[in-house]
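> My structure is below; once you've seen it, I'll send some questions.
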Amino acid sequence: MQLYNDMNLLNINELIYLDSVKLIYKIKNNLLDTGINLRYASDVHTHHTRSRHNIYILPIARNIPRRKVTYQAATWFNELSNDIKSSDTLKIFTNKVKHQLFQKRLNNI
């Protein structure tokens, strides 16, 4: 792990996380034509909650859908701060997510 820290590199799990949330960012901002339509919590109900800008994830009873990349990616995306989610460009978004990952890693040392 020290090598990753010294060279500011992401490990494989961090790369999977980064690519997953970037996928959702691209879909959300129409940078990628996938045919996937994202629904937001505000589309489901009219309450003005802190999570109204989060992606609505259908409640599921079985574990199989939870293994899907899109389910996990949307869950991770929702956990990001609004500051990160509302980044103006993909590059800014990517840099903020990387910074968050490095900070999290440093806090765990």
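Each residue of the sequence shown is one higher than the last, beginning at 1489 in this note's numbering. Every residue, glycine too, gets a C-beta built ideally from N, C-alpha and C. In this text, all values refer to a predicted model and were calculated from it rather than measured experimentally.
1. Let me check you understand the geometry: is the CB of N1566 closer than 8 angstroms to at least one non-hydrogen atom of the ligand SAM?
2. Quick check on DSSP: helix, strand or coil for N1499?
3. Examine the Cβ distances between the segment 1496–1504 and the segment 1561–1577 and report whether three or more of them are shorter than 8 angstroms.
4. Just verifying my parser: in three-state terms, what is the DSSP assignment at D1507?
5. By Cβ distance, which residues of its chain are closer than 6 angstroms to F1581, with the 5 residues on each side in sequence left out?
6. Starting from K1556, trace the alpha helix (DSSP H) in both directions and tell me its first and last residue.
Reading off the structure:
1. The model on display carries no ligand, and the ligand SAM is accordingly not part of it.
2. coil
3. no
4. helix
5. Y1513 and S1575
6. Run containing K1556: none; DSSP gives neither H nor E here.
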